[in-house]
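Some notes on the structure that comes next.
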Amino acid sequence: MMWLTILMLLPIVGAGAIAILPKKNEKLTKQAALATTLIVMATTMAMARGFERDNVELQYVEKYSWIPAFGINYALGIDGLALVLILMSTILAPVVVLAGWNESHGGRWSVKTFYILILVLETMMIGVFAATDLFLFYVIFEAMLIPVYFLIGGYGTGERSAAAVKFLIYSLFGGLLMLASIIALYVISGAQGGHSFDLTQLSDLEMSSTTQNLLFLGFFIAFAIKAPLWPLHTWLPDAAHSATPGTSVLLLGVLDKVGTFGMIRYCLTLFPEASKTFTPLILVLAVISIIYGAILAIGQRDLKRLIAFTSISHFGFITMGIFAMTSQGHSGATLYMFNHGFSTAALFLVGGWMMTRRGSSKIADFGGLQRITPVMAWMFFLAGMSSLALPGLSSFVSEFLVLVGTFTRYPVHAVIATFGVVLAALYILIPVQKALHGPTTPGNEALSDLNLREKIAIAPIMAIIISLGFYPSPLLNVINPAASHVIAQLGFTDPVPTSGGK
Amino acid sequence: MDVANYLYLSALLFTIGAVGVIVRRNAIVVFMCIELMLNAANLSFVTFSRINGDLNGQVIAFFTMVVAACEVVVGLAIIVMIYRSRRSASVDDASLLSR
Amino acid sequence: MSELAMQVGQSAAPEAVLFWILAPLTLIAALGMLLVKKAVHSAILMAFVMVALAVFYIAQGAPFLGIVQIVVYTGAVMMLFLFILMLVGVDSSDSLTESIRGLRPIAITAAVGFGGLMVSLLGRATLGRGAVGVEAANADGNVEAIAQLLFSTFVWPFEAVSALLITAALGAMVLAHHHRIQERPTQRQLSIDRFRKDSLGAAAGLPAPGVFARHNAVDVPALLPDGSPASASINASLKARGDLQNSSIFELGTVDTSASEEK
Amino acid sequence: MMTSTGLVYLIALPLAGAAILLLAGRRSDKWGHLLATGLSAASFFLGLYQLSLMLGRSSAQRPIGQKLFEWISVGTFKIDAGLLLDQLSICFVLLITGVGTIIHIYSIAYMSHDLDRRRFFAFLNFFIAAMLLLVLGDSYLNLYVGWEGVGLASYLLIGFWNQKPAYATASKKAFIMNRVGDMGLSFAVMIAFATMGTVSFSGIKAAAEQTSTAALTGIGIMLLIAATGKSAQFPLQAWLGDAMAGPTPVSALIHAATMVTAGVYLITRSNFIFDAAPTAQLLVVIVGAITLLFGALIGTAKDDIKKALAASTMSQIGYMILAAGLGPVGYAFAIMHLLTHGFFKAGMFLGAGSVMHGMNDEVNMRKYGALRKFMPITFITFGLGYLAILGVPPFAGFYSKDMIIETAFNAGGIKGIILGSVTLLGAGITAFYMTRVMILTFTGTSRWDEKAHPHESPWLMWLPMAILAVGSVTSGYLLSNGDALAHWLSPLFESHEEHHELLPPIVVSALALTLVAIGVAIAFLKYSRSGVDAVAPSDVSILTTIARQDLMQDRFNEVVFMRPGQVLTSALVKTDEVIIDGAVHGVARSALGVGASLRGLQNGFVRSYAALILIGALALIAAIWVVAQ
Amino acid sequence: MTFITPVLNYTLLSPILILLAGALVGVLIEAFVSKTLRSTAQLSITIGTLVLSLTQVWKIRNEESTLVAMGSVVIDGPAILLQASILIISIISIFVIADTDHFTALAAALPGSDEERHSVESGNQVTEVYPLTLFAISGMMLFPVATDLITLFVALEMLSLPLYLLAGLSRRRRLASQESALKYFLLGAFSSAFFLLGMAYLYGYSASVTFAGIRASVVGGSGNDVLLLIGIAFVSIGLLFKVGAVPFHAWSPDVYQGAPTPITGFMAAATKIAAFGAMLRIYYTVFANAQWSWSPALSAIAIITMLFGSLVAIAQRDVKRMLAYSSIAHAGFLLSGVIALNKAGLDASIFYLFAYGVATVGAFAVVTLVRDSAGEVTDLNRWKGLGKRSPWVATTFAAFLLAFAGIPLTSGFIGKFAIFSAAYESGAKAVVIAGILSSAIAAFFYIRVIVLMFFTDPVQDGTSVQIPSALTRITVIFAIILTIALGVFPAPLLSFITDLATFIR
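Each protein sequence line maps, in turn, to chains A, B, C, D and E. For what it's worth, this note's numbering labels the leading residue of the first sequence as 1, then goes sequentially. For what it's worth, this note's numbering labels the leading residue of the second sequence as 503, then goes sequentially. For what it's worth, this note's numbering labels the leading residue of the third sequence as 602, then goes sequentially. For what it's worth, this note's numbering labels the leading residue of the fourth sequence as 865, then goes sequentially. For what it's worth, this note's numbering labels the leading residue of the fifth sequence as 1494, then goes sequentially.
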């Protein structure tokens, strides 16, 4: 059964249906969008049930010739890594739709357009993780930018068009670097037994180390822009600041994961040697990201920008975990991607509700919300706790795995990164104190608490955050084989306990 | 005499024509300079025809004349049109479109 | 190419004489084209260059081309140029001062560089074969040989050129042809119009253009006794085309009465 | 090890309470506090039941475990969600749930006027659950969950009245300083995993022998850092004073009896590491000794009754840490002091709460005075606690503290003498400041505001105080009678060689009592005789000023960490805008600039274009020619 | 001397002959058909001719011959593909040309005169546009299939002369239009003089006027190569001028802006195909063995062209000028296909030409729709908020821009990928890098326009979008569908091209 194709088609069908709905009936449009995303989510879960978790090969493989002239296939398939990310995306989609029920109103265009864009984006989100043909991946990787661009520019706030342009240009630039590398790979594959974009075939190519290094950089920079790694991060705060909360969730929660996903799936697999060569540099950048993102977050006065910078810090952790080349680091990074999706979603959505109600995103404009809107305040607090990786919440597991995994091979990096944990407490508690605690700031007296729809939207996220904190095994069991497979392919084994040199 | 001298002459005439296009402002004179360039090319054709010992070069030169005649018709029509609109045949005055 | 053993002309010393006399003149004429102020002088110099080239063609075994050059180029094309020059104003002259900053030095440098490079490159060229001469090819007569090529080998471009000619004709027509906007009035209608107008002033015929003014062009209106232009004196179609001179500059009041030779 | 299926309920009951109360919201306002108290009590009785089971087993069989599920398993990093109840943890379980339940009861009355009482009880329950997890976890990572959990609970409860900005700040400060300490625990776990491949207590205990001293020292130091954070030890002590912002029952439970003693638990629990890492152990002792004096000195200058008690707590935990740092000889005494301290300090805090309850939440002791008459029960229970902390025989403190002083003297050599002296001195200062508290609060003349109407607290409040007072009186004797606690715990620790005695016990006791007497006497002379101002005098010695400012600890943090941190932050924010983002914009701008200037080529003059073509032709020929050469 | 009866092979020539015949019929219509019927008659004749020619191309698609028209013309796979592309582009261009009043009512009338007003009022139209266009198309068809220098030159002029004329026929802003005609003409003639001189040197070098003869000399070598090198350089100038490569590009912004928009679109798309077609044939067959000499210089030109076009486009404020610079940049991209000099490069170039051509015609067709009372509005500032006023037009235009920018799922991306990978395969890495870099720069200004249309609030200045007539609508819809379809399912066309595109020599 063509699970993945069906999965990708469903949102498109939904978008088509919405397109023919009457423009006047906005409620129906929203309901249709919600229904579509729910169906997609259900289908994903149904698919996930059949996933053989100990099988490290790609599953649900589909392959059809697409552009034979270039050896391009429409090839899909997922391993544990991809499955987890697809699950995350499809769960987040209905949450975003439900949470941002009224986000589409302040936009330049109609409500219909908003949901069509969201659904098209969902298709691409699934596709980008499921693609096993490099060309197909690239196509979706780039095409994804367009709906996001319009979502930011069309429905955002403030300097939305400038932010959208910055986002697009940054991403396109990275994408074009990657294109250069892809072209080179294509040509090299042509010289070694026929043009191909098949991942497994490409990973067997012989390349000189210089070539490999250059091509690796092409890919890596693209991904480092996507998953903003210092110093390529400056688009993110602007984009997140201007986008609607729902868009931000999809942007930071899902799209940026394509960057870290790409690092694993493409950088490591295709260029094992170059990956090793650049690991020291990348780890330094990752550590800088962690600390830098955290410090910058502390220094922000705007809630959305703050959240964006926390994500930069978090992506530093993910990158570090990936390049630590240990199974703990790797699994941790993958789990981190999943968890970060939800904790950021929680922060953005609840933060978004706060901002919509208050009409401002400045932290200073809030104050004393815990008394006025206790539920909302609690949700924000919980989201914040998840962001600072409080043990017992899902992100702790992943963050700790990353740290432990890194420590066994790169203790210094891990130690410095751990300071980010303290900074995390600062960047969460400062806004918590300013926004939720203290006396009620004038203008906030009449804010309303979460309504039922919002509660329903946030509930699954919180449930996931808490339950995975205590019981991450279902995910880890899926992730572990894939992660160890990658590590093993690169020729790494986990460091054995050293007994401290005794 | 060295036949190549014709080639040198041709090249020099061509150069003079090219410079004329650049330095003269009257559109008609500019156009005449282009004609000069074409004629210079024709001289090369005829000379090469002699060097190569076939008449293809002469035929090309003949075609060039025909083509040049057509060009003259079109070109002069355009120049007259411009002149009527602007009361000026200076190519420098036709610089609305720039940057 | 000077090393080439193309000594075809050795036995034909007259050609050398011809060349060395005519070639410098040609170059001077060409240069003159650039330097003279008046366009019409340029045209004359151009005609000279063309004729000189025709002579070179004939000298190099291309009598047909030489004749065509004179007939078609010098005869027809140059006449066309001159005709247009007349239209534009035969006495119009260029100011030779350069108005685009920096262009002249650039042009001269480029020209010297270009010419120098071309000459030096040609000097290095060796063909690796001797100059054959067209005597063999012209054995049956130059015109016949060309005709052979033209109507056999090159028949396709020859036909294609016809498309070019049509294009040229069509183009010239598009740019120059004026449509009749109204129906041509009949003689009878004209007579009726003349007498049934508001006044009988026009009955005797319209005033001729420019008769009272110091200018006799048809595109300048006559001046009425009060010195104002008589618009009726201009042909309506000229007026419609906008080919009308501004008559006010010819008004009596503004005329510079000091007798000065008009150029 | 035996396994049990019941351990989880110890934690699950209070956790369920917290969850129910938080999720049910206002609907549970009416019965929430009762449910919470009930669940806490249930947990206590479950603990008692486990104790009874444990008593029925031979000492080797006593530890029992429960594996709940596989928590994290990646490669060799396998962590089960597992619980361990042994002789050490049962002490804590009973302390936590016992004192916890008592304080629940107390709070019913204490918080009865607070609109958010339900939330308060939810937090309390949550705290109990987290603290139980801390002491029951069978690996460092499980402990870590509880460790941060209690930190969170502490944060929530300190900031319970966070509408006051100062309180909110205090809670934040507590959390962040705790996090710094937690980082130490993270490092310890990481080093342990990297060197030994395991993080469970049993695993590390087994692997410790094969592990180098350096690694163990590293782990030990990191654990010490963790302990200093949670137990408010030097240098991470600064948060405890501010933590008094929380409601008084919280101070009693979390910041006196239980949570702050987690550091002692950690070090005791990690005995197998510290025993093999003398350097780390030495550091533990030093930290304990410094804090002991540090807290005591602060205590002498505080006018806020809760802060004075908090300083005292800090100091007393210093004793415990010091004892724990003395190795196998000291562990039992550390725990014993911990338990007795749990009773008397909690009792005193509740007493302080009772005073505040009667005095319109006034905390300044200079505005008290002569409360003895109005609050007799409070006075008596507080007084019993006072006697206990002073170490007057036969009250609880006498047994536990004297043991520590004695052991300190017996540590051997100069170390022993210094430590012994420090502990003795500490005891003296303790006597001084506690007497000061007593005098200022209960005796002398009244210095209240006119609005104050001091009255005794309701029975729901004094009853818990009474229970604790009983504990303050008896617990020392009970635990030390026949070295009961030491024997109980001894299977867990390496047996220690006979120590040589520097001073016979009786001499130590005598010395201690002498110093206590001196301390009491000075305080009596200074405060009872000469009377007290309602406003703190400002013409005091520089030492007093410094002591009032908590020995400059906040100033130090501000100058060394906060200000530079703020500067760094704003500098980086600027850097990000100007340099990093600026570079990006710069690239864009320069592209625009190049475009605009190249645009100038297109000047509209056809002759220029022709010139361009000619130049291009020249360049092209030249280029082709050059290439061809 | 015996006369050799010429054999023309009319079947293979028929696509061109049909066009010429159609053009002649068009001229006759001008003479004999009444004014009211003329435009209808011309349009139907023109479309009919083009379609007929296209079917003829389709019929002969599998035939190959070097000997057509006495060896003046070659018909092979690339020839078929290029001719078909030109015809398809032409057909959709004709719809826009035919649409409404893009052309002056009377070219001879002075701008602003009574006569002009009269002509406009009387509904006069310059229907000569159709035969002129047909002549231009036939020249374009001939240009890439010519195999001797004479035919090549004649074809060059055949395609150029009508375009010079057409450029000057705009209805509005006639002075600018006339000026563009003058510039185009003067510079075109100037460059064709270079072209002619280059031909002379090639003839001198090889003693042959046919491609085969010159190629034989290049392969075999005759004497030293000076004449060949000059010849290559000068012929390249003529070709590079036509495609608008830097530094021979200067005409294109001015002419693109001044010419009537439908003509600009037609010119930008079809001329590029014709010129690049000829270029491919010449470089791939005639000059192939002298690659060492021209490849570096051509690479340099390609790089400069890409970067220049992209950089200057950023600073433009007029839509048509911006598209002109964009087309310069695209010329640079296409040059990398020429430099590649391999089969993949040929396939890619042909695909790119077609895809780019379709999108270009579409884009210019959209430009014709944005108007105020005085005609087309090309000032970018007045395109603000177009997405609000007419979302479909703006979306379509955005899609074309994205195709130009090479965003995946548009034909532009496939084209870019194909052409760059071919260039990379041949070792022209610098060109590929520059191409990628300039794509990034180019993305900047395409996106800027999208921002203007969608994310900027409209200004109330009377700019509106004309409801597209059925004809323009056909063009735009066809172009957009093809642009997307070639981005998503390029396989059929690609394999068609791959199967067919091989030069015969």
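Cβ coordinates follow ideal geometry from the N, Cα and C atoms, glycine included. Note that the coordinates shown come from a computational prediction; the quantities given were computed from them, not determined experimentally.
Extent of the continuous beta strand (DSSP E) run through residue i
| i | result |
| --- | --- |
| Tyr1440 of chain E | A question about residue 1440 of chain E goes unanswered here, because the residues of chain E that appear run from 1494 up to 1998. |
| Lys63 of chain A | Gln59 to Ile67 |
| Ala75 of chain A | Ile72 to Ile78 |
| Leu1560 of chain E | Ser1558 to Val1561 |
| Val1999 of chain E | No answer is possible for residue 1999 of chain E: the residues shown for chain E start at 1494 and end at 1998. |
According to DSSP, residues forming a beta bridge with residue i
| i | result |
| --- | --- |
| Gly946 of chain D | D:Lys931 |
| Gly1868 of chain E | E:Asp1865 |
| Phe1596 of chain E | E:Ser1663 |
Of the residues the options, the one placed nearest residue i, counting alpha carbons only
| i | options | result |
| --- | --- | --- |
| Gly316 of chain A | A:Thr260, A:Pro272 and A:Leu303 | A:Thr260 |
| Arg1864 of chain E | E:Gly1706, E:Val1854 and E:Leu1879 | E:Leu1879 |
| Val1619 of chain E | C:Leu824, C:Ala677 and C:Ala773 | C:Ala773 |
| Ala1660 of chain E | E:Ala1639, E:Asn1555 and E:Gly1751 | E:Gly1751 |
| Leu1501 of chain E | E:Leu1895, E:Ser1558, E:Leu1645 and E:Trp1876 | E:Ser1558 |
| Gly1045 of chain D | D:Ile1068, D:Tyr1031 and D:Gly1015 | D:Gly1015 |
| Lys931 of chain D | D:Gly946, D:Ser937 and D:Leu919 | D:Gly946 |
Assumed close pair residue i, residue j - CB separation to whole angstroms, cut-off 8 Å
| i | j | result |
| --- | --- | --- |
| Gly77 of chain A | Val56 of chain A | About 12 Å separates the two Cβ atoms, so there is no contact after all. |
| Phe565 of chain B | Ile1643 of chain E | 5 Å |
| Thr1861 of chain E | Thr1754 of chain E | 5 Å |
| Asn213 of chain A | Thr277 of chain A | 6 Å |
| Ala143 of chain A | Met124 of chain A | 6 Å |
Residue i Cβ short of 8 Å to the ligand NAD heavy atom set
| i | result |
| --- | --- |
| Met687 of chain C | Of the ligands one can find in the structure shown there are none, so the ligand NAD has no counterpart to examine. |
Residue range of the alpha helix (DSSP H) that includes residue i
| i | result |
| --- | --- |
| Lys112 of chain A | Val111 to Ala130 |
| Asp1445 of chain D | Asp1445 to Arg1463 |
| Leu704 of chain C | Leu704 to Arg725 |
Original post:
Just by C-beta distance, which residues in the segment 1530-1553 of chain E are closer than 9 Å to chain A?
Top reply: none
**OP:** Check each residue of the segment 555-584 of chain B: if its Cβ is closer than 9 Å to any Cβ of chain D, include it; give the result in chain order.
**Re:** none
**OP:** Return the residues of the segment 1458-1476 of chain D that lie within a Cβ-Cβ distance of less than 8 Å from chain E, sorted by chain order.
**Re:** Val1458, Gly1459, Ala1460, Leu1462, Arg1463, Leu1465, Gln1466, Gly1468, Val1470, Ser1472, Tyr1473, Ala1474 and Leu1476
Subject >> Residues within the segment 1805-1829 of chain E neighbouring chain D, beta-carbon criterion of under 8 Å >> reply: Val1805, Ala1806, Ile1807, Ala1808 and Gln1809
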